[in-house]
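Line order of the protein sequences matches chains V and S.
Everything in the first sequence is counted per our numbering, starting at 537 for the first residue and increasing by one.
Everything in the second sequence is counted per our numbering, starting at 537 for the first residue and increasing by one.
There are 2 protein chains.
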Amino acid sequence: MQKRHTKSEKTREPPRLEAQLCFAIYGAAHAFTRTYKPLLEPLGLTYPQYLVMLTLWEEDRQAVKAIGERLGLDSGTLSPLLKRLEQAGLVERLRDKQDERQVRIVLTEKGKTLSREAAGVMQAIGAAAGCSLEEMEDLRDGLREIKGRLLREQPAE
Amino acid sequence: MQKRHTKSEKTREPPRLEAQLCFAIYGAAHAFTRTYKPLLEPLGLTYPQYLVMLTLWEEDRQAVKAIGERLGLDSGTLSPLLKRLEQAGLVERLRDKQDERQVRIVLTEKGKTLSREAAGVMQAIGAAAGCSLEEMEDLRDGLREIKGRLLREQPAE
DNA sequence: TAAAATTAAATTGCGCACTACGTAAATGGA
DNA sequence: TCCATTTACGTAGTGCGCAATTTAATTTTA
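Here it is, written out as structure tokens:
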């Protein structure tokens, strides 16, 4: 497959595979967001907003922290994002009565209704990816695996 | 490696799997950038900057457009990024004499030297991911595959 | 109970990433 | 030659994503 090295520099040995994996994961992630973008536009959602809505459709009234743990995002990212969802009328942000440090994110009726429309998005993605369910499962598992290993190495900081 | 095929793929039932794949790719991409971040910090590079440098170490004097095609980025993203690399003294931006629309990105000595230091980063990533070469290859190929399908569906817009 | 430590969100600042738009240089007719 | 079109970059505005700091509420400890 490779044809154009050993030209002038042979100093570089095999960073190629590592680099290729970098490019692959980077490109695949962007490919996902690009594919979703036109599908989500009619719903008025960005891709990260869609992911937040997915977690809320699974479980309503979550605290910001819980959403952040699910998606690997912190309050610096979520606070403004959730405010935009609130402005769009999809969620409300309510202080927890028991622990007033927490803000619970609650779906509005409009937010709940949106999940029906979003069902079509999921179908479309499956079609665009041209994946069987087993392919999706394999990829999901492979990604979870490498993600898990990457994140477990570091936290011992 | 994969043995997870519990046949019975007709269960078109839940959006769960689609959601899980979303979360997986999203999380894995972020896990990559987070793992790289502390390793790249001593080099003064962000992850996207590192990817740009990788392409330049493979081939110097590329035009902005060529780099963009390699990484799937456009000039709106690359122009400010390349300016920061220039300010860091790693590259120069030179107008092409033959076609003055193009700006060629040229490694400085400092930029070339940096590739030696970066070699250590690549080792560290392999270790952090705990991956064999085959695993990395499999994942790369799976990602390329799905990315290719995603991007080929859309452009017929 | 008061002080200290911990925790949850929000805020700030910087760097991507994309869309839309603008400028200038090359190109391709008539 | 002229002029419309295409191409290569750049800028502006919006929205993530993260680190560091701040504010406020809760828990711990003395």
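Think of the CB as a built atom: it goes at the ideal place given N, C-alpha and C, for glycine as much as any other residue.
Quick caveat: nothing in here was measured; it's all calculated off a predicted structure.
| request: For the beta strand (DSSP E) containing residue 626 of chain S, list its first residue and its last residue. | output: By one-based count along the second sequence, residue 626 of chain S stands at place 90. Taken as a continuous stretch (DSSP letters only), residue 626 of chain S belongs to no beta strand (DSSP E), as it is neither H nor E.
| message | Please identify the residue among S:584, S:580, S:556 and S:559 whose C-alpha is closest to the C-alpha of residue 569 of chain S. | response | Translated into the one-based positions of the second sequence, residue 569 of chain S becomes position 33. Out of S:584, S:580, S:556 and S:559, S:584 has the C-alpha closest to the C-alpha of residue 569 of chain S.
| said: Give me the residue from S:676, S:558, S:605 and S:641 with the minimum Cα distance to residue 597 of chain S. | reply: Here the question's residue 597 of chain S lines up with position 61 in the second sequence. Checking every option, the nearest Cα to that of residue 597 of chain S belongs to S:641.
| request: Would you identify the three-state DSSP class for residue 640 of chain S, choosing helix, strand or coil? | output: The count along the second sequence starts at 1 and reaches residue 640 of chain S at position 104. Strand.
| message | Just verifying my parser: in three-state terms, what is the DSSP assignment at residue 630 of chain V? | response | Translated into the one-based positions of the first sequence, residue 630 of chain V becomes position 94. Of the three classes helix, strand and coil, the one that applies to residue 630 of chain V here is strand, per DSSP.
| Is there at least one Cβ from chain S nearer than 7 Å to residue 602 of chain V's Cβ? | For the purposes of this step, residue 602 of chain V is taken as the residue at position 66 of the first sequence. Using beta-carbon distances, residue 602 of chain V does not count as an interface residue toward chain S, since no partner is under 7 Å.
| query | Do the region 614-629 of chain S and the region 671-687 of chain S make contact, defined as three or more Cβ pairs closer than 8 Å? | reply | At 8 Å Cβ cutoff, the stretches do not touch.
| query | If we ignore side chains and look at the alpha-carbon of each, how far apart do residue 540 of chain V and residue 594 of chain S end up? | reply | In the first sequence, the residue the question calls residue 540 of chain V occupies position 4. In the second sequence, the residue the question calls residue 594 of chain S occupies position 58. Its pLDDT being 43, under 50, residue 540 of chain V is placed unreliably in this model, and the coordinates cannot settle the point.
| message | Quick check: is the beta carbon of residue 676 of chain S nearer than 7 Å to any beta carbon in chain V? | response | One-based indexing of the second sequence puts residue 676 of chain S at position 140. Chain V places a beta carbon closer than 7 Å to that of residue 676 of chain S, counting this residue as a contact.
| query | By the criterion of Cβ-Cβ separation under 9 Å, what are the contact partners of residue 556 of chain V in chain S? | reply | For the purposes of this step, residue 556 of chain V is taken as the residue at position 20 of the first sequence. For the C-beta of residue 556 of chain V, the chain S residues within less than 9 Å are, from N- to C-terminus, 672, 673, 676 and 680.
| residue 613 of chain S touches chain V at which residues, Cβ-Cβ below 9 Å? | To locate residue 613 of chain S, count along the second sequence from 1; it is residue 77. Within chain V, no residue comes near residue 613 of chain S; the closest Cβ sits about 10 Å away, beyond 9 Å.
| Quick one: is residue 553 of chain V near chain S, going by C-beta distance under 7 Å? | Within the first sequence, residue 553 of chain V is the residue found at index 17, counting from 1. Among the CB atoms of chain S, one or more fall inside 7 Å of the CB of residue 553 of chain V.
| said: Output needed in chain order: residues of the region 559-585 of chain V with a Cβ under 9 Å from some Cβ in chain S. | reply: The residues in question are 559, 560, 561, 562, 563, 564, 565, 566, 567, 568, 569, 570, 571, 572, 574, 583 and 584.
| message | I want to know whether the region 562-576 of chain V touches the region 596-613 of chain S - three or more CB-CB distances under 8 Å. | response | Yes, they touch.
| said: On a Cα-Cα basis, can you pick out the residue from V:655, V:687, V:627 and V:599 that is closest to residue 636 of chain V? | reply: Locating residue 636 of chain V in the first sequence gives position 100, where the first residue counts as 1. With distances taken between Cα atoms, residue 636 of chain V lies closest to V:599.
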